[in-house]
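Down below is the structure, laid out as structure tokens.
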Amino acid sequence: MHLSPEHFWTYFQWLFEQGGLLNGFLLAVALTVLGLIVGFLVCMLRYGPSEGFLQLAKTIREFFIVDIPKTSFQRIYAIAKLAVKESIRKKVLVVVGLFVIGLMFAGWYLDPRADNPAQLYVSFVLWVTNCGILVLGLFVSCFSFPADIKSRTIYTIVTKPVRPTEIFLGRVLGFVAIGTFVLVILGVMSYQFVIRGVAHSHEVTETSADGLSGKTAYNSNRFHAHTFSPNEEGELMTNFIKGHVHRVEKDGEKYVVGPTEGDLEARVPIYGMMKFTGRDGEEGEGKGLNVGYMSEYQRYIEGDSLSSAVWRFNGINKSDFEDFVRFDMTLSAFRTYKGDIVTPVGGIVIFRSSDRNVESEHIPFKVKEFQIDQKKVPTSLKGNRGGKPADLDFFKDIAPDGKFEVVVRCTDRNQYLGMAAGDLYLRAKTLSFRWNFFKGFVSIWLQLVVVICFGVMFSTFLSGQIAIVATISVLVLGLFGSFIDHLVTEAIKREAGSGGGGPIESLIRIPMQSGSGVQFDIGNKAVETTIQSVDLNALFFVKILKAGSPNFNELSTTDFIAYGVNLSEHLLAKHFTICFGYLLMTGIISYFFLKTREMAA
Amino acid sequence: MNKKSLVRKIGYILAIVVLLLPLYALGRPESGLISQLRSKHKMGQADLGKLDPASESMRLASLGMKGIAATVLWVRADYYKEEKYFDRFTATLNQISLLQPHFVSVWQHQAHNLGFNVSPEFEDYRQRFEWVKKGIDYLAKGIRFNERKPILQYDLGQQYFGHKMGKSDEKVQFREMYRNDVELHSYLKDQGLAGIETSARGFDQRPDSWLTGRLWLNKATELYESGATIKKVPHLLYSYAPAWRMYYAEAIESEGILDSRAGLAWKLGGEEWASFGKRTLYQAGRGRDMSLLGEVEATRIVNEKTAEFDRLTDGARERIVAEIRSGLTKEEQLLIDTPIEERKQENFEQAMEIMRRLEPTFLQISSNIPPEKQAEMVKVQRELTDAKEFLKLLTTYRNNVNYQFWENRCKLEQRDETLKARRLVYEAERLIDQAELGPALERYDEAWFYWAWIFQRYPLMMTEELGDDVFSALTRYRKIVDAEFDDSFVLSKFLEVRRLNELDGFSQQATDLMESVQRRIGELSDEPPVYDRNAKPTGEKRTDSTNKDPDVLEPKVLPKVMTEQTVPVDVPAASDSSAPIDAPGTGSDSPAVGSDKTESTSKLDDTAPALPPTLENPDFQN
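Line by line, the protein sequences are chains A and B.
Residues in the first sequence are numbered from 1 upward in steps of one, following my numbering.
Residues in the second sequence are numbered from 1 upward in steps of one, following my numbering.
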């Protein structure tokens with residue numbers, strides 16, 4: 001699971017420190033200015049400059065003075081009810097049936113031999129639900145107004161004293177209600193599918209003479225078997241295979257293997273900010289090393305040197321930890337030579353105070369790749385204070401004010417350890433998977449609301465089919481936003497003259513078989529310049545469109561649920577805020593279109 | 001207006017009917033052209049392999065955009081691999097294979113990704129093995145969908161069970177994990193590999209990776225022989241299964257099985273190799289079939305035809321050569337009369353050109369013989385050319401599979417002497433691990449005695465893998481005794497051959513040396529050698545006062561095989577024992593000493609022990 005620093009921010013950090021509010025405000029200002037200009041131009045064409053200006057001013061005044069304050073929740077409720085009835089009449093509940101069919105055959109496409117089947121099952125149900133529910137939102141919202149206009153049932157609404165704000169909100173709420181209903185059904189079925197999909201047990205087939213270890217039978221449906229032995233607490237636990245363990249209990253002479261543990265959970269991580277040091281151990285411009293992988297997510301530190309990764313933790317409460325400080329690692333290793341194949345590459349972890357005066361003894365570890373290496377250190381530990389050996393108390397000596405550092409180094413010469421900021425975190429507690437799963441569905445619900453808002457907005461001024469295309473465009477911009485960003489940024493850079501180009505230039509280059517590295521040359525400098533200017537404007541237009549579109553990838557939280565990481569309330573609150581922003585934006589745009597459009601013409 | 005419309009509609013209907021006719025002719029279920037072509041080339045779904053409802057529904061669900069869907073999935077799979085989301089990567093590969101179940105390259109490429117690219121990403125060798133198994137599973141699934149594509153069975157046998165399990169850095173762990181993986185054995189049996197319970201069993205009655213690979217290769221060849229196509233030349237394809245048997249023998253020897261079980265493995269390997277040699281290799285468009293053991297017969301035919309041709313030319317060739325020679329300048333004559341090894345580099349090309357001129361063409365010869373003989377000579381010359389081409393091809397094929405080497409090796413490896421020599425080296429190395437240096441050296445010394453005896457009888461093996469094994473062991477031995485080998489050393493000839501072979505431009509000399517030994521094989525007795533332990537004082541302890549540790553061995557004599565530059569004048573210290581043994585440069589001025597122990601030690605260290613005795617064979621002594 002890839003985490004970026006923004007996943008670690010608290011809600012208020014994001015809103016006030018990292019520009020969440022500012023960006024929203026700037027976008028609102030830009031859209032307002034754009035709306036005013038477009039509105040004035042349209043009014044000018046209809047009524048002439050002075051009359052047009054007056055009309056525009058009148059509409060804005062009505063929005064603030066009349067329509068907003070006099071919006072009636074009763075009428076919103078009535079329209080919402082109508083939207084629900086209309087949706088049911090249009091048989092949207094068929095989606096539930098389709099989902100059931102999809103789940104019935106899902107087993108054909110899910111690989112039970114996977115290294116972590118729970119991850120696969122959870123990602124699958126969340127992905128399918130996400131796609132299904134967005135498509136549902138798309139269709140119900142886009143065809144609503146155009147269908148009403150076509151069938152002239154809109155007359156019954158607009159001839160009554162209903163305000164545009166109420167029409168928009170009523171429609172959105174109605175569609176959201178029906179979508180929520182469907183989502184709840186899908187959520188319950190998905191949960192059952194996952195729980196039943198991963199549940200399994202084993203029989204114990206072999207035990208040692210002392211009865212403290214043994215082997216389980218091979219489960220031919222789940223394609224694995226376990227061995228078991230006592231853990232640190234003395235409980236009999238199986239080894240970690242396919243993302244889970246089992247508790248083994250002795251019932252008289254018989255051994256009973258319990259249900260799976262560790263595969264469906266919600267660990268509550270406390271993340272720290274990470275920095276790399278150079279080979280001298282000093283923090284400077286150290287960014288970690290790239291060992292040759294395409295992916296830049298993890299960076300590497302060199303073995304048998306002072307090259308380190310340092311995590312800084314803040315605000316750690318003693319109450320979150322009892323006798324142990326628990327932390328998880330998901331590091332990776334890179335070998336420059338094979339060496340001892342059997343022994344994994346090793347490293348050390350050091351806990352130290354933020355003033356670096358006190359540090360724990362070195363805690364050695366061997367890297368466990370592609371699994372969560374769960375570690376714990378006692379709060380009473382050995383270390384040194386001011387360079388002298390001492391017995392330490394974690395919360396008194398190392399983290400007296402809740403601040404401390406964790407240093408990770410690689411101990412094997414010429415070998416490397418790779419890590420990203422999210423690859424070491426403190427594990428305060430573990431919450432229920434069910435609650436996390438619910439939060440995952442809340443994320444999907446937020447995406448549904450955004451799609452419905454856009455669908456309703458587009459349907460206020462476009463025909464059904466065109467509204468669908470427009471909403472799909474928003475979805476595409478949202479889902480492939482980073483790709484489009486990359487494409488546009490690169491193309492704009494190239495416009496400076498290094499080859500490549502925008503849409504028109506590319507269309508010309510393709511039949512000419514002119515590669516992007518070749519200078520654009522069609523024999524006429526004036527035409528070339530014109531094409532490049534038009535391209536540049538088109539690219540900026542796409543860039544603005546992209547900025548105004550919701551980033552559905554950011555709103556998706558599937559990975560958190562699948563990888564068993566608690567979806568923080570801060571992140572959810574951030575998504576709620578973004579969703580509310582889009583509701584506001586689409587609501588205002590819809591209001592002006594509904595206000596100025598002649599529905600009963 | 002209505003009439004016009006009616007006419008237009010009738011026109012449309014007629015056009016539809018006319019266009020439907022060829023469509024009907026092409027697409028009829030049984031007798032249609034497409035159906036016939038499908039049957040002829042066995043391209044029907046049922047001919048290709050298993051029909052899978054999941055695959056069919058997936059393709060149906062793509063609504064005709066299978067290509068686009070597959071492309072998107074490939075891009076996504078690449079992304080998952082780059083970002084190391086390996087579970088999702090596997091899930092995406094499964095989806096790709098459902099969309100393109102009969103596209104063989106998908107199975108090959110993506111299975112390789114799993115077994116060879118993703119597998120090494122894991123630090124834990126057990127996880128790596130799991131990913132190799134995923135690659136195997138993926139290919140096995142591909143076989144079910146493509147039953148007439150032997151390349152998939154070939155890949156399984158050759159790459160996964162052969163190279164991956166048997167030759168990778170983790171081979172020891174992989175082979176052992178495979179032997180213990182009962183579930184995998186059962187899975188393979190379900191995939192139609194019935195022989196896993198019988199002929200794939202190794203010395204310990206558990207399935208062996210090499211022998212399992214051999215079963216897959218056999219399946220591939222059976223399929224090929226039944227008419228399925230594979231982009232492999234037949235002699236190479238057929239060579240793998242017997243070679244895998246020999247690799248099995250090699251592998252168990254490296255794992256310490258150095259008794260009759262290894263001998264039996266080599267014996268069976270040799271028998272299978274001989275059967276492969278007798279196998280008829282069909283040569284499309286080349287006139288006649290061949291077998292790799294037909295080299296003697298092919299050589300005989302060439303010689304016979306050459307003699308016949310020479311008889312017909314009645315000395316014309318010699319006359320023409322003499323004529324051309326007489327036209328050469330003195331410098332040119334001197335050049336070609338100079339032995340090759342004495343020629344200067346810059347004259348090589350000119351000498352070759354003259355030699356080419358001295359080879360008369362068929363036209364020159366035929367114009368020098370009576371007209372009545374010319375027709376017969378043309379016939380004989382054509383037969384001779386064909387025979388030569390056939391022999392050349394046969395030799396190429398034999399070289400491709402290294403036929404002679406494997407034949408010799410099987411004979412050699414199953415001998416008691418070889419097994420004993422290997423066992424002694426193996427035991428010596430285990431003893432070194434336990435710091436039992438004295439007994440280890442005794443075993444080494446005995447091993448050199450047997451290896452010398454073996455190399456006398458199989459000299460061509462000195463520069464092959466077998467020689468590499470012995471050379472590695474010798475290097476370790478030299479480090480322990482902290483000495484270099486002189487000419488009295490029992491394996492001095494072997495070392496000389498190895499040294500020459502490593503030097504640029506001297507490999508021919510190494511070959512000459514080996515061939516000189518080869519020529520004398522007939523003079524040697526095949527009686528089992530008897531090693532006299534008492535005749536060999538070796539591994540004497542250092543007695544000087546500077547080091548009282550009885551396990552530290554005294555440095556010995558300077559090597560003949562070392563250069564002046566690489567050999568320090570001072571006696572190398574124990575820590576300096578890593579000096580290369582095969583360093584270039586030797587000769588009368590090298591600081592080597594002779595075989596006489598007294599002489600050698602007098603130059604270096606009076607306490608240096610003597611080296612193991614040589615065999616009573618002049619080829620192995622100076």
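Yeah, the Cβ is synthetic: ideal placement off N, Cα and C, and Gly gets one too.
The model shown is predicted, which means the values in this text are computed figures rather than measured ones.
Verify the CB distance criterion: does residue i have a CB-CB separation below 8 Å to chain A?
i: residue 91/B; result: yes
i: residue 125/B; result: yes
i: residue 75/B; result: no
i: residue 116/B; result: no
i: residue 255/B; result: no
i: residue 84/B; result: yes
i: residue 169/B; result: yes
Please confirm whether residue i has its beta-carbon closer than 8 Å to some beta-carbon of chain B.
i: residue 485/A; result: no
i: residue 341/A; result: yes
i: residue 469/A; result: no
i: residue 370/A; result: yes
i: residue 403/A; result: no
i: residue 375/A; result: no
i: residue 215/A; result: no
i: residue 13/A; result: no
i: residue 344/A; result: yes
Starting from residue i, trace the alpha helix (DSSP H) both ways and give me its first and last residue.
i: residue 517/B; result: 507-519
i: residue 437/A; result: 433-459
i: residue 42/B; result: Counting along the chain, residue 42/B falls outside any alpha helix (DSSP H), and DSSP gives it neither H nor E.
i: residue 161/A; result: Segment: none, residue 161/A is in no alpha helix (DSSP H) and carries neither H nor E.
i: residue 577/A; result: 569-596
i: residue 104/A; result: 94-109
i: residue 501/B; result: 492-502
i: residue 134/B; result: 125-145
i: residue 112/B; result: 104-112
i: residue 651/B; result: Nothing about residue 651/B can be reported from this structure: the residues present for chain B run from 1 to 622 only.
i: residue 310/B; result: 295-313
Write down the C-beta distance between residue i and residue j rounded to the nearest angstrom, noting that I regard them as a contact closer than 8 Å.
i: residue 320/B; j: residue 350/B; result: About 21 Å separates the two Cβ atoms, so there is no contact after all.
i: residue 218/B; j: residue 241/B; result: 5 Å
i: residue 333/A; j: residue 415/A; result: 7 Å
i: residue 84/A; j: residue 178/A; result: 5 Å
i: residue 276/A; j: residue 301/A; result: 7 Å
i: residue 248/B; j: residue 202/B; result: 7 Å
i: residue 452/B; j: residue 491/B; result: 5 Å
i: residue 427/A; j: residue 269/A; result: 6 Å
i: residue 575/A; j: residue 443/A; result: 6 Å
i: residue 289/B; j: residue 280/B; result: 5 Å
i: residue 182/A; j: residue 136/A; result: 6 Å
Could you check where the beta strand (DSSP E) with residue i kicks off and where it finishes?
i: residue 419/A; result: 415-419
i: residue 149/B; result: Here residue 149/B belongs to no beta strand (DSSP E), and DSSP marks it neither H nor E.
i: residue 204/A; result: 204-207
Mind checking the region 108-137 of chain A against chain B and listing, in chain order, the residues whose C-beta falls within less than 9 Å of any C-beta there? 108, 109, 110, 111, 113, 114, 115, 116, 117, 119, 120, 123, 124
Closer than 9 Å, Cβ to Cβ, to anything on chain B: give me those residues from the region 563-588 of chain A, in chain order. none
Every unbroken beta strand (DSSP E) inside the region 321-404 of chain A [3 residues or more]: 324-329, 332-335, 346-353, 358-360, 363-366, 373-378, 380-385, 388-393
What residue ranges within the region 504-572 of chain A form continuous alpha helix (DSSP H) runs of no fewer than 4 residues, ordered along the chain? 525-548, 552-555, 558-562
Along the region 284-306 of chain A, what residues have a CB closer than 9 Å to any CB found in chain B? 293, 294, 295, 297, 298
Residue ranges of each beta strand (DSSP E) within the region 121-200 of chain A, 3 or longer: none
Please list, in chain order, the residues of the region 180-209 of chain B that have any C-beta partner in chain A closer than 7 Å. 183
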